[in-house]
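Colleague: Right, I'll just put the structure down here and ask away after.
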Amino acid sequence: MSGKKITFGSKPTKPAPGADAWVESRSVEEEAPPTEKMKRLTIDIPDSLHKAIKSACALRGSKIADEVRELLYNKYGES
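Residue numbers (UniProt numbering): 1 to 79.
Okay, structure coming up:
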């Protein structure tokens, strides 16, 4: 073993400024629970269509399920 000694910096004595305030004041956005029971729908689509949907949703920052759900609501209405 070599005689090389590794030293570490000292341990912080107090928390970072503002950390406690951030923890106490942060807000958590809770999603509203669905008003009715949800059912899963599985469909087969071509790979090219899946890629197009996925990339468009990624650019908009949305989820595929939310966009498809919106399309289905527009087509069949909310019951």
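Backbone N, C-alpha and C define an ideal beta-carbon position, used for all residues, glycine too.
1) Using a Cβ-Cβ cut-off of 7 Å (strictly less than) and excluding sequence neighbours within five positions of Asn74, which residues of its own chain qualify?
2) What did DSSP end up calling Leu41 once you bin it into helix, strand or coil?
3) Mapping the DSSP letters down to three states, classify Glu67 as helix, strand or coil.
4) Within the 8 Å Cβ cut-off, does Pro33 reach chain D?
Modeller: Reading from the atomic positions:
1) none
2) Reduced to three states, the DSSP call for Leu41 is coil.
3) helix
4) No chain D is part of this structure, which consists of one protein chain only.
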